[in-house]
Structures are given as C-alpha cells and as structure tokens.
C-alpha cells in the first residue's frame, strides 16, 4: 500500500471531519458548536448533582438534603441547558426565515425586472 492509498483510506474514514476542516470549520462562525457541547455539559452537571446528592445521603446521612440535590439539581440543570438550546433553535429558525425571504425577494425582483423591460 502506497502513501496515496493510505491517505485515501484515512479520508474515507474521517470524511465528515476532514470536510469540515476543508471548509475552515473552526475558523469561521458559520456553524454553532455550543449546541453540541451543551449535551456533554448537561451530562457532566447531572453526574455532579447526583454524586453530590448520593454523597449527602450515604456519607453525611442527610437523606432529605441529598434528595433535594439529586432532584433539584437534575431539574435545574435540565432547564438551564434547555434554555440555551432553545436560544440556538430560535437562531436557526430565524436563519431559515431569512434565507426564504431572500429567495422570494430575488424571485420577485427578477419578475419585476422582466415586466419592466417588456414595456
């Protein structure tokens, strides 16, 4: 196997990653990274709150405080992460609306120009 074949197999294996690198994925702000990281952050928060709650229950012997940490922390982290995701979804929807508006404006302006030049 020569170097070109090895490189081609690597490209096939990492096609999506290399495509994003070819498109300067990390250098421009065309695509949001935060929504993907929010899920990881949520799981870290969930693990931390459950660990804290179980620690309070079994190590310190305070059942109710531990239960509050597990339930309250889990709910609070879920709500906080969902709020951030909602903001990003609103942004995506606004971008779609903007793209559709620009497309329809372009179609209208081209038809108006055609009508203008007919007369």
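Residue numbers (the working numbering): -17 to 101.
The C-beta atom is built at its ideal place from N, Cα and C for all residues, glycine as well.
Please report how far the alpha carbon of residue 52 lies from the alpha carbon of residue 87, in whole angstroms.
-> 52 Å
From which residue to which residue does the alpha helix (DSSP H) around residue 37 run?
-> 16 to 40
Consult DSSP for residue 44 and reduce its assignment to one of helix, strand or coil.
-> coil
What number of angstroms, rounded off, separates the C-alpha of residue 42 from the C-alpha of residue 29?
-> 19 Å
Residue -6 to residue 14, Cα distance in whole Å?
-> 24 Å
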